[in-house]
Structures are given as C-alpha cells and as structure tokens.
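Be aware that the sequence shown starts at 119, since it is given in my numbering, and climbs by one per residue.
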Amino acid sequence: MQVVFAFGQSETGVSGKVVDSKTQEPVQSVIVSIQNTNLTQLTDANGKFSFNKMDVGNQLLLLKSNGYKDQLIQIEVVAGKMLDVGTVSFEEDLTQEKQSTLIAITDNDLSDDNSGSESTAGLLQSSKDIFLQAAAYNFGAARFSVRGIDNEYSNVMINGITMNRVADGRPQYGDWGGLNDATRNQEFTNGSAPSDYAFGGIAGTQFINTRASIYRPGTRISYLNTNTNYSNRVMATHASGMDKDGWAYVISGGRRWAQEGYFEGTTYDANSLFASIEKKISNNHSLNFTSIYAQNKRGKNSPNTAEQTDLAGEKYNSYWGYQEGEKRNSRIKKSEEPMFMLTHYWKVNPKTNLNTTVSYQIGQIGNSRLDYTKSNNPDPTYYGKLPSFYTNYFDNNNNYIGNTPAYIAKANDQKALFLANKQLDWKDIYRINNENIDNGSRIVLYEDRTDENIATFNTRLNSQLSDNVIMIAGGNYLNSRTKNFKNMLDLLGGTYFADKSTFGIGDQQYSDLNNPNRTLGVRDHYGYNYNIDVTKLDAFTQFKFTYNKVDFYLAQSFSRSSYQREGLYKNGYYPNSSYGKSDKINFDNFGFKGGMTYKITGRNFIDLNAIYMSKAPNSKDVFPNARVNNDITPNITNETIKGVDLGYIIKAPKLKARFTGYFSETLNSTDINFYYADAVGGEGAFVSEVVTGINKKNRGIEAGLEYQITSTIKLTGVAAYGEYTITNNPNVTVTDDASATTTSLGKANFTGLKQSGMPQQAYSFGVEYRDPKFWWIGANANYIADNYLDVSAIRRTSNYYDYNVDTNYRTVDQTLADGYLRQEKFDAFYLCNLVGGKSWRIGDKTLGLFANINNVFDISYKTGGFEQSRDSNYTKDYEDHQSGSYSKFAPKYFYGYGRTYMVNVYLTF
119 MQVVFAFGQS ETGVSGKVVD SKTQEPVQSV IVSIQNTNLT QLTDANGKFS FNKMDVGNQL
179 LLLKSNGYKD QLIQIEVVAG KMLDVGTVSF EEDLTQEKQS TLIAITDNDL SDDNSGSEST
239 AGLLQSSKDI FLQAAAYNFG AARFSVRGID NEYSNVMING ITMNRVADGR PQYGDWGGLN
299 DATRNQEFTN GSAPSDYAFG GIAGTQFINT RASIYRPGTR ISYLNTNTNY SNRVMATHAS
359 GMDKDGWAYV ISGGRRWAQE GYFEGTTYDA NSLFASIEKK ISNNHSLNFT SIYAQNKRGK
419 NSPNTAEQTD LAGEKYNSYW GYQEGEKRNS RIKKSEEPMF MLTHYWKVNP KTNLNTTVSY
479 QIGQIGNSRL DYTKSNNPDP TYYGKLPSFY TNYFDNNNNY IGNTPAYIAK ANDQKALFLA
539 NKQLDWKDIY RINNENIDNG SRIVLYEDRT DENIATFNTR LNSQLSDNVI MIAGGNYLNS
599 RTKNFKNMLD LLGGTYFADK STFGIGDQQY SDLNNPNRTL GVRDHYGYNY NIDVTKLDAF
659 TQFKFTYNKV DFYLAQSFSR SSYQREGLYK NGYYPNSSYG KSDKINFDNF GFKGGMTYKI
719 TGRNFIDLNA IYMSKAPNSK DVFPNARVNN DITPNITNET IKGVDLGYII KAPKLKARFT
779 GYFSETLNST DINFYYADAV GGEGAFVSEV VTGINKKNRG IEAGLEYQIT STIKLTGVAA
839 YGEYTITNNP NVTVTDDASA TTTSLGKANF TGLKQSGMPQ QAYSFGVEYR DPKFWWIGAN
899 ANYIADNYLD VSAIRRTSNY YDYNVDTNYR TVDQTLADGY LRQEKFDAFY LCNLVGGKSW
959 RIGDKTLGLF ANINNVFDIS YKTGGFEQSR DSNYTKDYED HQSGSYSKFA PKYFYGYGRT
1019 YMVNVYLTF
C-alpha cells in the first residue's frame, strides 16, 4: 500500500484516490468509511472519494472492496483543512477464491432430516479473523462448529431480512447457493459481539448486502471442476456500477451439476439466478430491488453401520439402485424458494441513516422416499438382510444359536447375498406392483413437502448521537405460513394407491376421515396435511461508545413469537384433535448484552462480551406430532442462553493474533425424534419421542496467530479446545400412535454426556508463499479430535432396565449395560490440505486460477452418527451383542470426504 499525505486549506475532512496495484487504473465502488461514525461513501469512476465536515482528531479510514485486501489507514483530521491521503494502491486478494471451496462444502448441508447438527462453516466465509478462516476452510469438512454452537443460534440476513427458518431456526443456505459472486458482500460478527444489523445470537451474525451500487463494476466468468458433492460449476456475473443517471444493476447466474458426486448414487442438479437494481433518487434517497432464485435437486447418501461400511465401503449408499441401466436414487432433496426484496436507503442527515426492507419468499422443499407400508421393506440394508441378523440369533426358547455351524453358514450365505444385491432393486418393486395391479401399488415413491410463504418487514436506524455515541435501533416483523403434506410422486408401475393403512383397526386406517377410501394418483396429497402459521415481532436497540482508550456497547432486544397449527385432515387415530386449528401459543423473549474493548496500545487490545437472553422454541418443537394432531409439547418454554468471552488481540505489522476464552449455557432446549422401538413398555411400536428441558454447557479457548516472516512467507497457527457437555437429566415422553397414548419415561441419564456432531478439539498449522508476480501456494496440517456419537434418549431411561416378562426378562449385568450405553468417541485424525492460485493481467482483463487438494493422504474419518433406538431395553441390547462383532441395530455413521480436489478458472473484465 502506498499513501502520500498532503493538506489543503478548505473544509475539514479527508480525500483520496484508489487504484489497482497491478494496473494503476482507478477502482470504482470501493466502500470507504470512517470507523465509528456513519460516514460512508463509494469511490467514483475515477476512484476518488472525499469527506468534508468531519470531526477533528485521530480517525481510522477503512477501504474495502471484493477481490482486494482491506486497507485501514490512521489519519489525523485538522480543523479547517482537507487531508489528501493521495493514491491508495489496492492489492488483489488472491485467497478470496477460497470461498468457492467452502460453498462446495455447505451445499451439502441442506438440513437433511437425519443430520444431528449443522456446521457453522457457512457463517464464517466472510470473516478476516485467522481462527474463523481456519474453522471454515480447514475444519469445515469435519463439521466443526465454533464454540460448539449449532447454527440455529446464529442470525443470517440478506439486506436485513432473516434467513433462519421458523421450523428449526437454521439458515437455508441452498436458497442462494451457486451465487458466490453475487453474495460476496458480507460482514460477520463472531459470537455475541455487537453487530450493526441485529441483536444477534451466540453463534454470530452474518449480513449479506446485495445493494447494486456497492459491487465493483465489471464482468466475471468462472468454471469450476471438483469431485465433491458436485462435479462442475459455471458462473457469470456483471455489475454496471452507478451511472450518471443514478442507475446501477447486477445480474448473476450459475449452474452446478454432477452425474454422481463423491458418494455413490448422489446426483446433483442446481440452477441459480440473481438480479439487483438500484435507483438513486437523490443524494439522500435510493431504492434497491433484489431477486434471488436458486433451484437445487440432489441425491442423498445413507448413514451406514460399521457392518455395512466394512462390507461395501465408505462411499456405499443404500438409497439408489439401477433402473433400466440408470442409477436412480430414492431419496432426492429438492428446494426452490425464490425471494424478492425492496430496500429503501434514506440518509436522513449526515449522521443518521434509515434503511427499510420488505421481502416476500415463496417456494417448496421436498424430500422423497419410498412408502412400503403395504409390502416388505425393500431397503437392502434392512436388518434381516445382513449377516449380523444370523450371528446374533436366538431361538424361540431364548437360547443363543448364532454361533452354531448352521447359523454361521447362514450368515456367510447372507453376506454373499447382500454383496450381490446391495442396491435398491427397482425392478423387483415394479414386479410387486404389477402383480397387485388390481389392488393398487404396494410400494410408492412420495415426498415430504413443505411449501412456504414468508412476508417480512425490517427497518434499521443508525444515528451518530455525538462524537462518541452511535445508536442503532431496528424492528422486524415476519408472517409465515408453511404447508406440510405428503405428496405422491410415482406409483412405480401401478395405476393407483389406496389411502388406507394396513396398520390400525377401522377408522384408524384412514389418514382423513372426512375423505375415507380415497384412491390416489400422482401429485395427490395423502398421509398428512397441515399448515403451521407463525408470526414474529422483534426489536432491538444498541448503543456504541467510542473513546481513546476504551470502546463499549450495550444492547437489548424484545421479541414475540406466535405459533398455530391448522389440521386439514381428520386423522383416524386422533379424530378429535387433528382437524382444524390448534390453540395459539405465544412466547415473549428478552435479551441483554454488553461488552468493551480496552486499547492497551494501538496494537494490543482486550475484548470482552457478555450476553443473557431467552429464545422461543422452534415451531417443530412446539408441535411434537404435527403430522397427525394439534398437540402442543407439554410444559414447552423458552430457552435461556447465557454467555461470556474474554479475548486478547494483537495487531502488529507482522503479527496478528487472538486468544479467547469463552463460556456459554443453553437451558430448556427440546429434541424430537421418530422411530420404531422394539420394546416400549410391553411391546414394540412406532413412536414419537419428545425430550424436554435439555441443558448444555460450552466452555473452551480458541487461538489464532498469523506471522509474516518475510514479505512473501506467512505462517499461521490455530487452536481450539472445548468442553461441550449436557449438564442435566431431561424429561422423556413417547407417544404411540397405534394406541394414541403418551407415556412419560421419566428422566434420561444424560448428565455428563458430550454434545455430539462436532469436534471439540481442532488444531492447524499452515504456511503460505505469496510471490510478487501474483501467484501463491499454501499448505496446512490439521489435527481434529473429540467428536462424539449422538445418543438415544429412550435407552437411557428407566425403560431400559424395567422388568417385563415378555420383552425385558434378562437379569441385568451392570458392567455389560454400562458398556452398551457408553457414549462412543470417534477416532482423532489428521488432514493435510494444499492450496494455490495464480492470476495474469491480459490487457484490461484478469485471468485467474485457483486450485486445492484436500485430505491429501486420503484419511478416513467419521463426521457424525447416531445410536439407533430400536434396542430400547437391556434384553434386546444383550441379545444384539452376542456375536461379539456386529450388532443388528448398531449405530449409523456419516463419513467425511477422502482425497478431493477443486480447480477454478475465472476471467474478469
């Protein structure tokens, strides 16, 4: 960076010009701001900026633009003089292409219904913090979550509109997937630190800005090839910049596809479109319209037991099979939720801005699967089709015979049969339906659909009350209706499907007593059909105080959430509580947070943040069995969240570092699961399980260091050590739909168990060489440990031990029981990654190449998993462990990618 200072006699302020370091051409639409004030503007077509009527004294001038390194310049403003900082030379940020790597990971996190937790990697891509960069790019593939916090506790916004879903609180990243260039204008606030856009949560706040005038003018075209969840991606983006008539626009499009992703049978097909147009009405008013459309369709991969993986490999996926020579996946996720936003930017006066956005989003998410309730389970991994079924076999007199020669032979025969038929047999499914053509299909393909309509209003005031005080206030209103239903996709060779269950007696066999004995065709709804209506109102204020030695802030929030279910079917099991509207349930919440930054010197800082807030439960937790009735979770209440973090920060010319200790507690959370249990009370049943009052504690330390050894060589080091535990024994109830009864199983023995789904330790060391001729290469080595299996709640209640003459009759050996119930800790592992890039200037164009190889040594590792709940008592567990090898209902695991690569070529002009 080259800066030359000069003074001129005029108004009090600062001016300058920004140029590209390679071409020395002016850079338009650079965001220039005076830190801790409301003074912000964009460079013009000549790269120039100018602030006047500024306060005198020491100030920080921040310049940033996508594709370039941020520049922070300390200046001193003198009364009656204009400070000319001269020409600021902007250096290209070659590492920004790493965002392409991260998106390829988070595209796979489309909130699968079988994932235990969601990684926060997608939140962190815009952060410049060395620790958060490592968390996103080096640890993200292992589903690392910063401070062990799920992303439902984050706040992800586009132009002030919250993207977190009302059902589970998690952002639906697929809604803007494939639009990397269009969504690069981002700001991320870590943890509970203050954000200029919202009160936020303990997992951080991400703000995506799509205002057309802030995009750097030009065109960018790119092509990417990889072997992760998709194979190819093309993108094109054009930004006009603000013209003399006050118009600016941005258009972008992308396509991602794969015949097969990293795991077997995982197809991928996605298209994305983006448009933003801004009209500058006057110097004080501007309107911006944004539209985003992202369509995604991908095949899922199955979680597998150790037995299935050892037989068929880590890439094995039981969801697909060949149909007429083509691979067909039975589990397809489709999402298509276009959004439209209109934002008014109002500069009330030089120190006050008011930004208001209205948004409307409509669309659908579908998850397909087979309905085989009228036939045998066609799943090739059904427990009776695996060798462990025979190696753990007991006869009718409850004697173990799995180790006899006859059953060892049967197990070997079953192994050979499985290996020969380990994929879904579509041909056999069609045969079954054709043989029952007169009675309707026995097996059909359907999708669980959610169709959403979301209207949102957001407004935010930012005002500099004095030289030292900035006030930010905002309000948000959301109205959402989500339609949930079972949608028929394919009769699989049949001519119709009878909407009458083979389970239950009489009226219980009908999903809708208002329309019994229905025959269904493609696109008909059946099984369940209901709406969830949600309204949310929230407001916050925040005051930031800035002084020479200390900055501090105080913020507070209020919110009200209202939920109601409307049943459209009169369910045969719940004729009196399924049809019509439920009671409306409201939750009021408050939040308070504050913090300070103490400036030891201009390069050394102490940072403190603390938060206390409550949070409404998500709608899926309010209605535990929403598919069949209006019941509300008993004693459902707000979650309480407490947190504090203390950090020491170094910002020296060659050394940048952050060391932070943190502590947080989340109280009264809820978890809901659906499964078949062999022994709930006296018999097996399909149940919905509700676990309430879960308390969690997260504490640990995180550190990140970056040291510039020379002008071309940089070292990085990152460490994360956490302890994420459950601190109490929550309540467990199960509902058996067959008898329409709810049973309390008392407390689950959870105290001291580890939170699952993310590593609790992660360390990284990296080295990077950046050549003056615009190429760079880097490598990092990572160690990841302390990831735990998600446990079954019912297996840790009294139901596990309670004697029953029919189902739980064995004398308990406590040593064996403790072994069966011990929470599994996954093996630690090392990952080594290589990354590099190069750019060339060709006339007025830039050609760039970015490439990486992740997991260079092809290390095998688990990213998560869960216990199955079918063996829900000691007797079943004991009998399922007799072989000393694989169990019939063993845990299922998710595996990370082996060696993968990515190559991205781009052209800008």
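All C-beta atoms in this analysis are idealised placements derived from N, C-alpha and C, irrespective of residue type, glycine included.
Exercise for the section: Tell me where the alpha helix (DSSP H) around Glu684 begins and ends. Expected result: The residue labelled residue 684 in the question sits at position 566 within the sequence shown. Per DSSP, Glu684 belongs to no alpha helix (DSSP H); it is in the beta strand (DSSP E), 668-685.
Problem - Leu178 and Ser151 closer than 7 Å at C-beta - result: In the sequence shown, the residue the question calls residue 178 occupies position 60. In the sequence shown, the residue the question calls residue 151 occupies position 33. No.
Practice task
Using three-state DSSP, classify Glu209 as helix, strand or coil.
Solution key: Taking the first residue of the sequence shown as position 1, residue 209 is located at position 91. When DSSP states are grouped into helix, strand and coil, Glu209 belongs to the coil group.
Practice task
Indicate the three-state DSSP secondary structure (helix, strand or coil) for Asn552 in the structure shown.
Solution key: Reading the sequence shown from its first residue, position 434 is the one you call residue 552. Reduced to three states, the DSSP call for Asn552 is helix.
Handout entry: Per-residue DSSP class, three states only, for Glu442
Key = Position 324 of the sequence shown, counted from the start, is the residue given in the question as residue 442. It is coil, neither helix nor strand.
Handout entry: Under 7 Å between C-beta atoms of Arg776 and Gly713
Key = In the sequence shown, the residue the question calls residue 776 occupies position 658. In the sequence shown, the residue the question calls residue 713 occupies position 595. For Arg776 and Gly713, no; Cβs fall outside 7 Å.
Exercise for the section: Give the straight-line distance between the Cα atoms of Lys824 and Lys832, rounded to the nearest whole angstrom. Expected result: Looking up residue 824 in the sequence shown gives position 706. Looking up residue 832 in the sequence shown gives position 714. It is worth fixing the name first, because residue 824 is Glu in this sequence and not Lys. Rounded to whole angstroms, Glu824 to Lys832 spans 7 Å at the Cα level.
Problem - Straight-line gap, Asn164 to Ser183 (C-alpha atoms, nearest Å) - result: Indexing the sequence shown from 1 puts residue 164 at position 46. Indexing the sequence shown from 1 puts residue 183 at position 65. Going by the C-alpha atoms only, they are around 15 Å apart.
Exercise for the section: With DSSP collapsed to three states, give me the class of Pro693. Expected result: Numbered from 1 along the sequence shown, position 575 holds the residue referred to as residue 693. Reduced to three states, the DSSP call for Pro693 is coil.
Handout entry: Test item: CB-CB of Gly134 and Val206 under 7 Å
Key = The count along the sequence shown starts at 1 and reaches residue 134 at position 16. The count along the sequence shown starts at 1 and reaches residue 206 at position 88. Result yes, Cβ atoms of Gly134 and Val206 sit closer than 7 Å.
Problem - Where Asp625 falls: helix, strand or coil (DSSP) - result: The residue labelled residue 625 in the question sits at position 507 within the sequence shown. Judged by DSSP in its simplified three-state form, Asp625 adopts helix.
Handout entry: Sufficient close CB pairs (3 or more, under 8 Å) joining the stretch 860-870 to the stretch 905-919
Key = At 8 Å Cβ cutoff, the stretches touch.
Exercise for the section: Report buried or exposed for Arg721, applying the criterion of at least 16 other Cβ atoms within 10 angstroms of its Cβ. Expected result: One-based indexing of the sequence shown puts residue 721 at position 603. Burial check for Arg721: the Cβ neighbour count within 10 Å stays below 16, so the residue is exposed.
Problem - Three-state class that DSSP yields for Glu807 in the structure shown - result: Indexing the sequence shown from 1 puts residue 807 at position 689. Of the three classes helix, strand and coil, the one that applies to Glu807 here is strand, per DSSP.
Handout entry: Backbone CA spacing between Phe663 and Asn586 [nearest angstrom]
Key = To locate residue 663, count along the sequence shown from 1; it is residue 545. To locate residue 586, count along the sequence shown from 1; it is residue 468. About 5 Å.
Practice task
May I ask you to verify whether the stretch 411-418 touches the stretch 380-395, counting CB pairs closer than 8 Å and requiring at least 3?
Solution key: yes
Handout entry: Those residues which DSSP pairs with Asp824 across a bridge
Key = For the purposes of this step, residue 824 is taken as residue 706 along the sequence shown, with counting starting at 1. Checking the sequence shown, residue 824 turns out to be Glu, not Asp. DSSP output for Glu824 lists Lys774, Thr834 as bridge partner(s).
Problem - Residue range of the alpha helix (DSSP H) that includes Ile519 - result: For the purposes of this step, residue 519 is identified with residue 401 of the sequence shown, where counting begins at 1. Per DSSP, Ile519 belongs to no alpha helix (DSSP H) and is neither H nor E.
Problem - Cross-strand partners of Asn707 (DSSP beta bridge) - result: In the sequence shown, counting from the first residue as 1, residue 707 sits at position 589. DSSP output for Asn707 lists Ser677 as bridge partner(s).
Practice task
Look at the Cβ atom of Ser696, then the Cβ atom of Asn747, and state whether they are nearer than 7 Å.
Solution key: Against the sequence shown, residue 696 aligns to sequence position 578. Against the sequence shown, residue 747 aligns to sequence position 629. Their beta carbons are under 7 Å apart, which means Ser696 touches Asn747 by this criterion.
Handout entry: Distance, Thr499 Cα to Gly1014 Cα
Key = Translated into the one-based positions of the sequence shown, residue 1014 becomes position 896. Translated into the one-based positions of the sequence shown, residue 499 becomes position 381. So the alpha carbons of these two residues sit roughly 21 Å apart.
Practice task
Give me the Cα-Cα distance between Glu820 and Glu270, rounded to the nearest whole angstrom.
Solution key: Taking the sequence shown and counting its residues from 1, one reaches residue 820 at position 702. Taking the sequence shown and counting its residues from 1, one reaches residue 270 at position 152. Approximately 21 Å, taken between the alpha carbons.
Problem - 7 Å Cβ shell around Asp299 - same chain, five flanking residues per side excluded - result: Numbered from 1 along the sequence shown, position 181 holds the residue referred to as residue 299. The residues are Arg338, Met353, Thr355, Ser370.
Exercise for the section: Express the C-alpha separation of Ser394 and Ile191 in angstroms, rounding to a whole number. Expected result: Numbered from its first residue, the sequence shown carries residue 191 at position 73. Numbered from its first residue, the sequence shown carries residue 394 at position 276. Approximately 31 Å, taken between the alpha carbons.
Exercise for the section: Look up Ile912 in the DSSP assignment and say whether it is helix, strand or coil. Expected result: If you number the sequence shown from 1, residue 912 lands on position 794. Collapsing the DSSP output to three states places Ile912 in a helix.
Handout entry: C-beta atoms of Val562 and Leu610 nearer than 7 Å
Key = Sequence index remark: in the sequence shown, residue 562 carries index 444 (1-based). Sequence index remark: in the sequence shown, residue 610 carries index 492 (1-based). Yes, they are a contact pair.
Handout entry: Stretch pair the stretch 921-935 + the stretch 856-864: three plus CB contacts closer than 8 Å
Key = no
Handout entry: alpha helix (DSSP H) segment containing Phe507, residue limits
Key = Residue mapping note: residue 507 aligns to position 389 of the sequence shown, counting from 1. Note, Phe507: alpha helix (DSSP H), 506-509.
Exercise for the section: In the DSSP assignment, find the unbroken beta strand (DSSP E) run with Ser310 in it and report its ends. Expected result: Locating residue 310 in the sequence shown gives position 192, counting from the first residue. Ser310 -> no beta strand (DSSP E), and no H or E assigned at all.
Handout entry: DSSP bridge partner residues for Phe262 (one or two, in chain order)
Key = Stepping through the sequence shown from its first residue, residue 262 is reached at position 144. Residue pairing by DSSP places Phe262 in no beta bridge whatsoever.
Exercise for the section: Assign Ala770 to buried or exposed, taking buried as 16 or more other Cβ atoms, counted over all protein chains shown, within 10 Å of its Cβ. Expected result: In the sequence shown, counting from the first residue as 1, residue 770 sits at position 652. Counting Cβ neighbours within 10 Å, Ala770 comes out exposed, since fewer than 16 surround it.
Problem - Host beta strand (DSSP E) of Asp920 (start-end) - result: Translated into positions along the sequence shown, residue 920 becomes position 802. First-last for Asp920: undefined, no H or E at that position.
Exercise for the section: Classify Glu997 as helix, strand or coil using the three-state DSSP reduction. Expected result: By one-based count along the sequence shown, residue 997 stands at place 879. Three-state DSSP puts Glu997 in a helix.
Exercise for the section: Work out the CA separation of Met172 and Pro468 for me, nearest whole Å. Expected result: For this step, residue 468 is matched to residue 350 along the sequence shown. For this step, residue 172 is matched to residue 54 along the sequence shown. Roughly 10 Å between the two C-alpha positions.
Practice task
Check the DSSP bridge columns for Val294 and list the partner residues they point to.
Solution key: The sequence position of residue 294 within the sequence shown is 176, counting from 1. The sequence shown places Trp at residue 294, rather than the Val named in the question. Answer is none; Trp294 lacks a bridge partner.
Handout entry: Stretch-stretch touch, CB-based, cutoff 8 Å, three pairs: the stretch 931-946 with the stretch 898-917
Key = yes
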